[in-house]
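Numbering (the working numbering), first residue to last: 9 to 353. Here the structure comes first, spelled out in structure tokens, and everything after it is commentary.
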Amino acid sequence: MLIHKALATIIIAGLSFITTTCPAAPEQPKPETPKPMYSATGHNITPLTQAQIQEHAKGLTQEETRIILNKGTEPAFCGNLTDNHLQGTYICKLCKLPLFKSDAKFISGSGWPSFFQPVDPDHVVEKPDNTLGMKRTEILCARCAGHLGHVFPDGPPPTGRRFCVNSLSLSFIENGHEMPDQAKPAQFKTAYFAGGCFWSVEDTFAKLPGVIDAVSGYQGGNDDSPTYKEVSSGTTGHAESVMLTYDPAVISYQQLLEHFFKIHNPTQGNRQGPDIGPQYRSVIFTTDEEQHKLAKAFIEAQQKEGKWSDRKITTEIMQAPKFYKAEDYHQDYHARHGGACAIPD
Ligand SMILES: [Zn+2]
Numbered sequence: 009m010l011i012h013k014a015l016a017t018i019i020i021a022g023l024s025f026i027t028t029t030c031p032a033a034p035e036q037p038k039p040e041t042p043k044p045m046y047s048a049t050g051h052n053i054t055p056l057t058q059a060q061i062q063e064h065a066k067g068l069t070q071e072e073t074r075i076i077l078n079k080g081t082e083p084a085f086c087g088n089l090t091d092n093h094l095q096g097t098y099i100c101k102l103c104k105l106p107l108f109k110s111d112a113k114f115i116s117g118s119g120w121p122s123f124f125q126p127v128d129p130d131h132v133v134e135k136p137d138n139t140l141g142m143k144r145t146e147i148l149c150a151r152c153a154g155h156l157g158h159v160f161p162d163g164p165p166p167t168g169r170r171f172c173v174n175s176l177s178l179s180f181i182e183n184g185h186e187m188p189d190q191a192k193p194a195q196f197k198t199a200y201f202a203g204g205c206f207w208s209v210e211d212t213f214a215k216l217p218g219v220i221d222a223v224s225g226y227q228g229g230n231d232d233s234p235t236y237k238e239v240s241s242g243t244t245g246h247a248e249s250v251m252l253t254y255d256p257a258v259i260s261y262q263q264l265l266e267h268f269f270k271i272h273n274p275t276q277g278n279r280q281g282p283d284i285g286p287q288y289r290s291v292i293f294t295t296d297e298e299q300h301k302l303a304k305a306f307i308e309a310q311q312k313e314g315k316w317s318d319r320k321i322t323t324e325i326m327q328a329p330k331f332y333k334a335e336d337y338h339q340d341y342h343a344r345h346g347g348a349c350a351i352p353d
């Protein structure tokens, strides 16, 4: 691997007549679920499937269904939130995504709750609406596509816009009251895996739905300012490691462990295929007691009846020490240059 990387570095420098010996990247299967999308405020705004929308819609009344799913409008001055002056957050009736805050609400006199801006611009989608012989702009919930109302260019400062919303499209959560789980921002967690060349480990984890970020680095050794050259010498004690940021609401730690064992050979000790040295050893660096327990149980189960049960699993589990980010040219390497590493037998 050291040789591969050295050659590849030369290629980056422009000497393209030298090639790496990594095999061509196999065609990646399309993920079964789309990559989650997150708003600026950290909420998961991945569009719901029709099946998920129908599941949520089971709790709606007939009138709410008419408005939210069939783009209806409630009669003016009839909604229960038009004259609501309490402080709090207005969330989507269907999927619970926060949409507006009381500090952006104003009295428009229109007969519907009116706001000059959404809580996060990513949470409200705008769409041209030419029905009823008018040119208007419809507003919808970004996550469930539920109909909210329309936005008009006649609002007060600072935006000059009026988001005119049906009361029945909203639920109100007063300040100091617990928000539903679906209304909360995602709580990202961190995980670390070392399994040979970090290019490949980073690349395959980064493709998983629920993995927000994957960073290549060094971990588990004594050198407190490691460089690739030093780590490659095998004398620092560091392993090539990958730091993951993931959304446990989308992908569990157990699923990360399962993926880790699919992308490397955990029985090779201080080696991973042609890459030899302690920097290529297999390690799960855990960040809390829960991860530690899951990792331990996972390896025990794999040793008993997993794919690698006929050999001794050498994967170490240790509490995550400081992670040192690798040099920039190692980040997203396969994504930028192609190629993939085969899993050694
Ligand atoms: Zn919604």
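All C-beta atoms in this analysis are idealised placements derived from N, C-alpha and C, irrespective of residue type, glycine included.
- The three-state reading of DSSP puts G225 in strand, counting E and B together.
- Counting the other CB atoms within 10 Å of its CB gives H155 a total of 16 or more, which places it among the buried residues.
- With contacts defined by Cβ atoms closer than 8 Å, G87 and S175 form a contacting pair.
- Every candidate alpha helix (DSSP H) stretch fails here, since none sits fully inside the region 80-104 while reaching 4 residues.
- About 17 Å separates the CB atoms of S179 and I53; that is not less than 8 Å, and the two are not in contact.
- Under the Cβ criterion (8 Å, minimum of three pairs), the region 156-174 does not count as touching the region 58-69.
- According to the DSSP secondary-structure assignment, N52 is paired through a beta bridge with Y46.
- With a threshold of 7 Å, the Cβ atom of L102 counts as near ligand 1, since some heavy atom of the ligand is closer than that.
- R289 places its beta carbon less than 8 Å from that of E324.
- When the five nearest sequence neighbours on each side are left out, the beta carbons in the same chain lying within less than 8 Å of the beta carbon of W316 are those of F269, N273, P274, T275 and Q310, in order along the chain.
- Listed in chain order, the non-local C-beta contacts of G281 below 6 Å within the same chain comprise P352, local neighbours out to five positions each way being set aside.
- Spatial neighbours of D231 in its own chain (CB-CB distance under 7 Å, excluding positions within 5 residues in sequence) are listed in chain order as E238, T244 and H246.
- The C-beta distance from G218 to P44 rounds to 6 Å, short enough to meet the 8 Å contact threshold.
- About 12 Å separates the Cβ atoms of Y332 and V250, ruling out a contact at the 8 Å cut-off.
- Counting every other CB atom within 10 Å of its CB across the protein chains shown gives G168 a total below 16, marking it as exposed.
- Straight-line spacing of the CA atoms in E182 and L302 works out to 38 Å.
- Of the residues assessed, L140 falls on the exposed side of the cut-off, its CB having fewer than 16 other CB atoms within 10 angstroms.
- For L264, there is no enclosing beta strand (DSSP E); the enclosing alpha helix (DSSP H) covers residues Y261 to I271.
- The beta carbons of A191 and P106 sit closer together than 8 Å.
- Nearest in C-alpha terms to N78, of all of S177, Y254, K330 and T198, is S177.
- Within the region 120-151, the complete beta strand (DSSP E) segments at least 3 residues long are 132-137 and 144-149, listed from N- to C-terminus.
- Ranked by Cα distance from G203, the options A305, P286, K113 and L102 are led by P286.
- Contact between I220 and T253 holds, with the beta-carbon distance rounding to 4 Å and staying under 8 Å.
- Under the three-state reduction of DSSP, V209 is assigned to helix.
- Of the heavy atoms belonging to ligand 1, at least one sits nearer than 7 Å to the Cβ of L105.
- With a contact defined as Cβ atoms closer than 8 Å, S122 and F171 qualify at about 7 Å.
- The Cβ neighbour count for I259, taken over all protein chains shown within 10 Å, is at least 16; the residue is labelled buried.
- Taking 7 Å as the cut-off, one finds at least one heavy atom of ligand 1 near enough to the beta carbon of G154.
- Contact check for C103 against R151 passes: the beta carbons are separated by less than 8 Å.
- In this structure, the C-beta of C205 stays at least 7 Å away from each heavy atom of ligand 1.
- Per DSSP, the continuous alpha helix (DSSP H) segment holding F306 begins and ends at E297 to E313.
- When distances are taken from the beta-carbon of R151 to the heavy atoms of ligand 1, the shortest one is below 7 Å.
- Relative to the Cα of A257, the nearest Cα in the group D189, V132 and H338 belongs to D189.
- About 15 Å separates the beta carbon of R74 from that of G67, a gap too long to meet the 8 Å contact definition.
- Under the three-state reduction of DSSP output, L176 falls in the helix class.
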